[in-house]
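Asker:
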Amino acid sequence: MKRTYHLCLSAGDEALFRDLEDYNRGFNCFALALYKTDSTGLVESFMSTHAHKLVQTHDPKGLMFNFRNPYAKYFNNKYGRSGRLGEDIHFTLEVVGHHHTIAAASYVLRNALHHGVAPLPYAYPHCSANAIFRKELGKFHKEALLPIRSYSRFLGRYAGYPDSYKMTASGVFTRESVLDIPQMESLYGTPRAFNYYMSRKSSEEWEAEQQKDANGLPPINIHNIERGVNMHEDTRMIIFENGKSDYRKISDIELCTELDNLARTRYDRKSVYQLSIKEKQGIAEHLYRVRHLSESQIRRCLVLPK
C-alpha cells in the first residue's frame with residue numbers, strides 16, 4: 143500500500159524557477175516522475191525557491207530523483223549553469239490520517255500566501271488550488287489543449303506519460319489530468335469546507351484537531367511544513383497569513399526574467415549565471431539604490447554570493 147508523504151525541495155540561496163517556462167517544465171517533470179514511479183499526486187505548490195508536493199508513493203526517494211534530475215539538466219542547459227540544483231537532501235515528512243492529510247494539503251496549497259506572494263491561494267497560478275472544486279467555485283476558464291504529437295516540444299522526445307495526461311497550449315500538463323483531484327475533493331468534502339481551509343488561520347485548535355488521528359506524529363503546522371526552506375521566519379509567515387503583505391511588489395519570477403533578459407541583451411550572456419561578480423554587483427547596486435528592492439531578493443535572483 144502506498145504511503146502519503148509531504149516532499150519539499152529547496153534551492154537554498156538561488157531560484158529553482160526563474161520564468162514561466164521553468165514553472166511549467168517543473169510541473170511537467172513532476173508529472174512524469176509520478177508516472178514513472180507509479181505514484182499518485184495529490185496537491186503541489188511551486189515557489190521560486192522551493193517546491194512542495196503531497197503524494198502517495200512506495201518510493202519517495204525515487205520520485206524526487208526522477209523529478210529533480212531531468213529538471214536540473216533542463217535548467218543547467220538553459221542558463222549555462224552546472225552542478226546539483228537544490229539542496230543535497232530533500233525534506234520528507236510522512237502524513238498519516240484524515241486530519242493530518244487535510245492540514246498538510248492546506249498548508250501546501252496556501253504556500254504562496256505564507257510567503258507573501260499572493261493574497262489568497264486562488265490568486266497564485268503555480269499550485270493546484272484552482273483545480274479542486276473548479277466548477278463549483280466558478281472557475282470555468284480552460285486553456286486550449288495541444289494535440290499529443292506536440293507534447294515532445296515541452297518534454298523531450300523520449301518522455302513517458304499516460305494517455306490520460308492532457309497538455310495546454312502553454313506547454314504544461316493540466317493539473318486535473320495529472321493529480322488525483324477526486325480524492326482531494328472527497329477529503330475536503332464540500333466546496334464550502336475547502337474554501338474554509340484555504341482561509342483558516344493557523345492555531346493551536348487546528349493542531350489539537352489533528353491529534354484525533356492518533357498517529358503518534360506531531361501536528362502539521364507552518365514550522366514543520368516549511369522546515370529546510372531558507373526564506374521567511376514563522377512569525378513573518380503568520381503576518382502574511384493575515385493578509386499583511388505588499389502584493390504589488392515585483393515577484394521573483396518577474397525580476398529573474400528581467401535580469402536574464404538583461405544578461406542576454408546588454409552583456410551577450412545566456413543568463414545571470416554567466417555574469418562576472420563585478421557585473422552582478424553593479425546591477426545589484428542599481429536595484430538596491432534606485433528600485434529599493436530587498437538585498438535578499440537581489441542576491442537570490444542575481445545568484446550573488448554573500
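Note that my numbering has the sequence shown beginning at 143, numbered continuously upward.
All residues carry an ideal CB built from backbone N, CA and C; glycine is no exception.
1. List the endpoints of the continuous beta strand (DSSP E) containing TYR303.
2. Can you tell me which of ALA350, LEU151, ARG406 and ALA426 puts its alpha carbon nearest to the alpha carbon of TYR221?
3. Could you tell me whether the stretch 241 to 261 touches the stretch 384 to 399, where touching means 3 or more Cβ pairs closer than 8 Å?
4. Could you check how far apart the C-beta atoms of PHE233 and ARG369 are, in whole angstroms? I think they sit under 8 Å.
5. Tell me which residue opens and which closes the beta strand (DSSP E) that GLN198 is part of.
6. Would you mind sorting MET143 into buried or exposed? The rule is 16 or more other CB atoms within 10 Å of its CB.
7. Given that a residue counts as buried once 16 or more other Cβ atoms are within 10 Å of its Cβ, and exposed if not, what is ALA193?
8. Please classify GLU347: does DSSP put it in a helix, a strand, or coil?
9. Does the contact criterion of 3 or more C-beta pairs under 8 Å hold for the stretch 258 to 265 versus the stretch 310 to 318?
10. Look at the alpha carbon of PRO267 and the alpha carbon of ASN357, and state the distance between them as a whole number of angstroms.
11. Do the stretch 344 to 353 and the stretch 168 to 183 make contact, defined as three or more Cβ pairs closer than 8 Å?
12. Are the stretch 197 to 209 and the stretch 161 to 175 touching, with three or more C-beta to C-beta distances below 8 Å?
13. In angstroms with no decimal places, state the Cα-to-Cα distance between ALA157 and THR182.
14. Any heavy atom of the ligand FMN within a distance shorter than 7 Å of the CB on ALA311?
15. Under the assumption that MET326 contacts LEU184 (Cβ atoms under 8 Å), give the Cβ distance between them as a whole number of angstroms.
16. Applying the criterion that 16 or more other CB atoms from any shown protein chain within 10 Å of the CB defines a buried residue, is PRO304 buried or exposed?
17. Less than 8 Å separating the beta-carbons of LEU227 and ASN218?
18. Relative to the C-alpha of ILE231, which residue among VAL371, SER292 and ARG334 is closest?
19. For SER449, write down the residues that DSSP places opposite it in a beta bridge.
20. For VAL445, tell me which candidate among ARG145, ARG160 and LEU149 has the shortest Cα-Cα distance.
21. Counting only runs that start and end within the stretch 355 to 430, where is the alpha helix (DSSP H) found for 4 or more residues in a row?
22. Quick check on the burial criterion: 16 or more other C-beta atoms within 10 angstroms. Buried or exposed for VAL432?
23. Determine the extent of the beta strand (DSSP E) in which LEU235 is found, giving its start and end residues.
Answerer: Straight from the coordinates:
1. Translated into the one-based positions of the sequence shown, residue 303 becomes position 161. Counting along the chain, TYR303 falls outside any beta strand (DSSP E), and DSSP gives it neither H nor E.
2. Position 79 of the sequence shown, counted from the first residue, corresponds to residue 221. ARG406 is the residue among ALA350, LEU151, ARG406 and ALA426 whose C-alpha sits nearest the C-alpha of TYR221.
3. Touching, per the Cβ criterion.
4. Start at 1 with the first residue of the sequence shown, and residue 233 comes out as number 91. Start at 1 with the first residue of the sequence shown, and residue 369 comes out as number 227. About 6 Å; that satisfies the 8 Å criterion.
5. Here the question's residue 198 lines up with position 56 in the sequence shown. Unbroken beta strand (DSSP E) run through GLN198: 192 to 199.
6. The count along the sequence shown starts at 1 and reaches residue 143 at position 1. Answer is exposed; the Cβ neighbour count stays below 16.
7. The residue you call residue 193 lines up with position 51 of the sequence shown. It is buried - the Cβ of ALA193 has at least 16 other Cβ atoms within 10 Å.
8. By one-based count along the sequence shown, residue 347 stands at place 205. It is helical.
9. Judged by Cβ distances under 8 Å, the stretch 258 to 265 makes no contact with the stretch 310 to 318, as fewer than three pairs qualify.
10. Stepping through the sequence shown from its first residue, residue 267 is reached at position 125. Stepping through the sequence shown from its first residue, residue 357 is reached at position 215. Between PRO267 and ASN357, the C-alpha separation is close to 33 Å.
11. Contact fails: fewer than three Cβ-Cβ distances are below 8 Å.
12. The stretch 197 to 209 is in contact with the stretch 161 to 175.
13. The count along the sequence shown starts at 1 and reaches residue 157 at position 15. The count along the sequence shown starts at 1 and reaches residue 182 at position 40. Spanning the two alpha carbons is a distance of roughly 26 Å.
14. Ligands in the displayed structure: none, and consequently the ligand FMN is not present.
15. Taking the first residue of the sequence shown as position 1, residue 326 is located at position 184. Taking the first residue of the sequence shown as position 1, residue 184 is located at position 42. MET326 to LEU184, Cβ: 6 Å. Contact.
16. As a first step, residue 304 is located in the sequence shown; it is residue number 162 there, counting from the start. When all chains shown are included, PRO304 counts as exposed.
17. On the sequence shown, position 85 is the one that residue 227 refers to. On the sequence shown, position 76 is the one that residue 218 refers to. Annotated as proximal: LEU227 and ASN218, with beta-carbon spacing under 8 Å.
18. In the sequence shown, residue 231 corresponds to position 89, counting from 1. For the residues VAL371, SER292 and ARG334, the minimum Cα distance to ILE231 belongs to VAL371.
19. Residue 449 lies beyond the range of the chain shown here (143 to 448); nothing can be said about it.
20. Looking up residue 445 in the sequence shown gives position 303. Its Cα nearest to that of VAL445, the residue ARG160 stands out among ARG145, ARG160 and LEU149.
21. Counting whole runs of 4 or more residues, the stretch 355 to 430 contains the alpha helix (DSSP H) stretches 364 to 367, 376 to 383 and 394 to 407.
22. Against the sequence shown, residue 432 aligns to sequence position 290. Around the Cβ of VAL432, a 10 Å sphere holds fewer than 16 other Cβ atoms; the residue is exposed.
23. The residue given as residue 235 occupies position 93 in the sequence shown. 233 to 237 is the span of the beta strand (DSSP E), which, as asked, contains LEU235.
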